[in-house]
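In what follows, a single structure is set out as structure tokens and then discussed.
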Amino acid sequence: MSTSILQKDREKFTELQKVIDEYKDKEGPLMPIMHKAQEIFGYLPMEVQEYIANALDIPVSDIYGVATFYSQFTLKPKGKYSIGVCMGTACYVKGAQAILDELCKELNLKPGDTSDDLNFTLEATRCLGACGLAPVIMINDDVYGRLVPSDIKRIIDKYRNK
Amino acid sequence: MKSLQELEQIKQKTLDSVSLRKDRAGGIRIVVGMGTCGIAAGARPVLMSFLEEVQKRNLRDVTITQTGCIGVCRLEPMVEVTRPGEEKVTYVKMTAEKAKRVISEHIVNGKIVNEYTIGAAE
Amino acid sequence: MEFYRSHVLICGGTGCHSSGSSDIREVFQTELKKNHLENEVLLVQTGCFGLCEVGPVVIVYPEGAFYSRITKEDVPRIVSEHLLKGRIVTDLLYHDSIHEDDAIKSLDEVNFYKKQKRLALRNCGVIDPEKIEEYIAFDGYKALGKVLTEMTPEETIELIKASGLRGRGGAGFPTGLKWDFTAKAKGDKKYVCCNADEGDPGAFMDRSVLEGDPHCVLEAMAIAGYAVGADQGYIYVRAEYPIAVKRLTIAIAQARQMGLLGKNIFGTNFSFDIELRLGAGAFVCGEETALLASIEGKRGEPRPRPSLPAVKGVFGKPTLLNNVETYANIPQIILNGPEWFRSIGTEKSKGTKVFALGRKIVNTGLVEVPMGTTLREIIYEIGGGIPGGKEFKAAQTGGPSGGCIPAEHLDTPIDYDSLSEIGSMMGSGGLIVMDNDNCMVDIARFFLDFTVDESCGKCPPCRIGTKRMLEILDRITKGQGEEGDIEKLETLGKNIKASALCGLGQTAPNPILSTIRYFREEYEAHIRDKKCPAGVCQALLQIVIQADLCRGCGLCVKVCPTVAISGERKSPYVIDQNKCIKCGACLEKCPFKAIVKG
Ligand SMILES: Cc1cc2nc3c(=O)[nH]c(=O)nc-3n(C[C@H](O)[C@H](O)[C@H](O)COP(=O)(O)O)c2cc1C
Ligand code: SF4
Ligand code: FES
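Chains as they are written, first to last, in my numbering: chain A, 11 to 172; chain B, 26 to 147; chain C, 2 to 599.
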């Protein structure tokens, strides 16, 4: 285990411990803890998985199994802004592919990748449930709808300058 | 929550404030003319006075709305009151004081304040 | 409680939220202050009104004025004209909400709402979902009070049974019977769970209920808890629904504070509490055994039957699982009685169903209609028809588990049984409308692509079988289909249906089988003639210049990015199909409309 990460993120681990203490004695605590852990760390590195395994006294393979089963959990670090491009039925038909292509170009990223400065992660997602506004993208919790490719630059610039 | 009565109390307390959204047909309607002429003639204080009274007396089933110019600018501020099943009554040259009387006599007791009506003014 | 003469309802559903309704709320706040109206006019943030297409939506009472597509710039006008002077800003009203004589219609007169019957959605767009008092004012928690103080658990279950309510999560299992099973199961501890993992692409009925009326789900779960003998509930909700999660969290806290959740509710010895569990992006977790595994913190893989959740559910204890919309019906059934509920709907399907209308339809959005309403009524009278007056081709219900309904069945009254008879299913309520520009093979491929991606991989028929089917479909759409492919798809489909472990696999072939059933000739055109009649499948598309119309102007040559067009000036040009990438640039450029897709 790399101790450097442990030191750097000591505060984060303290926070994680609080979460674990809160859920430990509840039924089925693993998923809520992993959700919170991902909120705290941004992703679920091996160290975090091991930490949770120790605290709950379960094999780390269980945690790994859960982490890889659900698409929301990620083992790789994510950008500060996570951009999800909806590829659901409605959005797909209304031109989501062109939006995704434009984002790839603008950010110079492939879907699934994170920019080197850890600012952006680009992903194609399932229906976001805002089909009335198709095509839509979601940047963290903000939803943008009725997009055309030429809207992209303006939207991304807003986050670049934040 | 201890009982259904307690629940009923909360319901009644909130009901007045939401019933507005339920049916807009029933109940007494007070319509204040708030065209430019009405506002110039002092319709705002009249409206405020109605609001205050309704709130003070905790009257249910009263909606207060405004409308544009009712049409006879020289008689503004004008107010129309409709009680369910009754003819519309139009009051003219209203003031905040007159509004209070309309509430206590017409709205609460169902007695039209004849001297303020458009009939009396004509 | 203050008296406000006017209420401004701003839709805070996800649809309107993303088209900017929270900004609008802020502007309203400042504008009201500026005009000193803040004590006269109440701002209410509600759940979805259903007409997301024209969002953000704002309704002003008591007039019931329905403003649509409101921008921040429109707000000052609404405040100074409507709220201050009482003059409705007619040009901002929803187009269908004004009579010819300019008088405004009440909401139930608007075509979109006229044929609807809003039971599950009755409070959506009416109350502020973050205020428990408003829910109570509309008779909230009264059903729970009645059940706890006046009825036995057995009577409650009998009442639900008598109502004829069936599960809205897809399969349509009689709800009362499910409650009965769980109640009769032996166990020292039982659970009540709510399936809010709505995963069908294009469906958002449950989200709207959770966002617009979270308390009704909490109340119904508590009622169910009392009926089956459980003291703990879990709501399993998609993590992709942040607004729903937030409103539920608030609702649970408020209900606890008022003692409507917790110990000794209504002074009885019934105690019940609810916790939220977030999903993590796996469609299969909507399946009941997978969902329960996920609540336990495991991989969301379905378990082989016959371990009925009612007997052995979450943590091995008897568990009741119902869908959000199913629960949303419960309180009213208790208050109005089973006869009232039975009077709505058809012989075997009682009550209403919420549908999410999508794709080629004027009013995309959420509608709730009595069971037995025909597809024609939903699409043409409520949905406003197909944009551009195009012709209806088919509708898809039931998402990736369902099938398509062709024009010949437009007049079938929709209920659980009629839909499965014509090869589709009710599903959770996604309703996607297609016109002649949609290719049915492509649609089938789209849904299968979804299921292949979401298969958990536990059982081979689903993991391998659906993959095989997808490969065949891929070939067909690429012009490499072979004689016998259709039959292969049919056989594979039937086998997967019969042998897959869970509902996901068992229903995955449905979109393919039903499109073959009704649009076989379209498959054949792809396979034999290598043509896509709808002009969707890129590889089969040919862009050709009609020689008799071409005047040889040469404009198309200039726009073609791959230099696929050649010819002499003043005589017809031709496209080299090997070079053409079907971008369609020349189509738009041709002044004589000589270039066509085919
Ligand atoms: C693959 C799959 C996905 C499902 N997704 C959902 C869902 O998103 N929401 C839901 O309520 N039911 C879903 N169901 C149905 C549930 O398994 C279950 O039947 C339902 O929640 C029971 O509630 P009800 O009786 O109230 O309908 C799904 C089933 C399968 C097989
Ligand atoms: S049918 Fe598919 S989703 Fe269901 S258990 Fe089998 S592999 Fe998993
Ligand atoms: S398809 Fe994009 S929000 Fe549903």
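Ideal Cβ positions, reconstructed from N, Cα and C, are used throughout, including at glycine.
Note to self: Within a Cβ cutoff of 7 Å, which residues of the same chain sit near Leu143 (chain A), ignoring the five residues on either side of it in sequence?
What the structure shows: Gly155, Arg156
Check: DSSP state of Cys587 (chain C), grouped into three classes?
Finding: helix
Item checked: Contact set between Asp151 (chain A) and chain C, taken where Cβ atoms lie within less than 8 Å -> Pro243
Check: Roughly how many angstroms separate the alpha carbons of Ala252 (chain C) and Glu326 (chain C), rounded to a whole number?
Finding: 17 Å
Margin query: According to DSSP, simplified to helix, strand and coil, what is Asp189 (chain C)?
Written below: coil
Next item on the list: For my contact list, Ile71 (chain C) and Leu93 (chain C) are in at a C-beta cut-off of 8 Å; report their separation, rounded to the angstrom.
Entry: 7 Å
Note to self: For Asp140 (chain C) and Val45 (chain C), which I take to be in contact (beta-carbon distance under 8 Å), what is that distance rounded to the nearest angstrom?
What the structure shows: Actually they do not touch by this definition, with Cβ atoms about 18 Å apart.
Next item on the list: Can you give me the start and stop residues for the beta strand (DSSP E) that Ser209 (chain C) sits inside?
Entry: No beta strand (DSSP E) holds Ser209 (chain C); the alpha helix (DSSP H) holding it covers 206 to 213.
Margin query: Using a Cβ-based criterion (distance less than 7 Å to any ligand heavy atom), does Val285 (chain C) qualify as near ligand 1?
Written below: yes
Margin query: On a Cα-Cα basis, can you pick out the residue from C:Glu32, C:Asp198, C:Glu348, C:Ile433 that is closest to Ser419 (chain C)?
Written below: C:Glu348
Item checked: Test: Asp41 (chain B) CB closer than 8 Å to a CB of chain C -> yes
Checklist line | C-beta neighbour in chain C for Met59 (chain B), strict 8 Å | finding: yes
Next item on the list: Using the Cα positions of Lys119 (chain C) and Arg518 (chain C), report the straight-line distance between them to the nearest angstrom.
Entry: The amino acid at residue 119 (chain C) is misidentified as Lys; the sequence shows Arg. In a straight line, the C-alpha of Arg119 (chain C) is about 34 Å away from that of Arg518 (chain C).
Checklist line | Rounded C-alpha distance that separates Glu31 (chain B) from Gly260 (chain C) | finding: 11 Å
Next item on the list: Report whether the distance from the Cβ of Glu134 (chain C) to the nearest heavy atom of ligand 1 is below 7 Å.
Entry: no
Checklist line | Nearest neighbour of Glu525 (chain C), chosen from C:Ser500, C:Ile497, C:Ala509, C:Asp486 [CA to CA] | finding: C:Asp486
Checklist line | Endpoints, beta strand (DSSP E) assigned at Gln46 (chain C) | finding: 42 to 47
Item checked: Stretch pair the region 32 to 51 of chain C + the region 128 to 142 of chain B: three plus CB contacts closer than 8 Å -> no
Checklist line | Distance between Met26 (chain B) and Arg49 (chain B) (C-alpha atoms, nearest Å) | finding: Note that Arg49 (chain B) has pLDDT 49, beneath the 50 cutoff, so the model's placement of it is unreliable and the number below is only indicative. The alpha-carbon atoms of Arg49 (chain B) and Met26 (chain B) are separated by roughly 32 Å.
Note to self: Less than 7 Å separating the Cβ of Asp418 (chain C) from some heavy atom of ligand 1?
What the structure shows: no
Check: Do you know how far the Cα of Ala68 (chain B) is from the Cα of Val127 (chain B)?
Finding: 15 Å
Next item on the list: Helix, strand or coil for Val153 (chain A), going by three-state DSSP, please let me know.
Entry: strand
Next item on the list: Could you list which residues in chain B have their beta carbon closer than 9 Å to that of Ala252 (chain C), in chain order?
Entry: The contacting residues do not exist; Ala252 (chain C) stays about 15 Å from chain B at best.
Notebook entry, point to check: What's the C-alpha gap between Tyr114 (chain C) and Leu40 (chain B)?
Noted result: 24 Å
Next item on the list: Would you list, in chain order, the members of the region 525 to 542 of chain C that have their beta-carbon closer than 7 Å to a beta-carbon of chain A?
Entry: none
Notebook entry, point to check: Whole alpha helix (DSSP H) runs in the region 52 to 85 of chain B with 4 or more residues, listed along the chain?
Noted result: 61 to 65, 68 to 81
Check: With 8 Å set as the bound, which would you pick, yes or no: does the beta-carbon of Arg49 (chain B) sit closer than that to a beta-carbon of chain C?
Finding: At Arg49 (chain B) the pLDDT is 49, less than 50, meaning the model places this residue with poor confidence and gives no usable figure here.
Notebook entry, point to check: Which chain C residues sit within Cβ distance under 7 Å of Leu26 (chain B)?
Noted result: Residue identity check: residue 26 (chain B) is Met in the sequence provided, not Leu. Result: Met259, Gly260, Leu261, Ile266, Phe267.
Next item on the list: Quick one: which unbroken beta strand (DSSP E) runs of 3-plus residues sit fully inside the region 329 to 416 of chain C? Chain order, please.
Entry: 353 to 360, 366 to 371, 393 to 398, 404 to 407
Next item on the list: To the nearest angstrom, report how far apart Val575 (chain C) and Ile566 (chain C) are at their CA atoms.
Entry: 6 Å
Check: How about Glu21 (chain A) and Phe316 (chain C): are their beta carbons less than 8 Å apart?
Finding: no
Check: DSSP state of Gln8 (chain A), grouped into three classes?
Finding: Only positions 11 to 172 of chain A appear in this structure, which leaves residue 8 (chain A) out of reach.
Next item on the list: Note down, in chain order, each residue of its chain lying with its Cβ closer than 6 Å to the Cβ of Asp152 (chain A), except the 5 sequence neighbours on either side.
Entry: none
Item checked: CA nearest to the CA of Asp75 (chain C), picked from C:Ser107, C:Asp24, C:Pro534 -> C:Asp24
Notebook entry, point to check: Does the distance from the CB of Leu1 (chain C) to the CB of Pro305 (chain C) come in under 8 Å?
Noted result: Missing from the structure shown is residue 1 (chain C); chain C here goes from 2 to 599 and no further.
Item checked: Gly585 (chain C) versus Cys591 (chain C): straight-line alpha-carbon distance, rounded -> 11 Å
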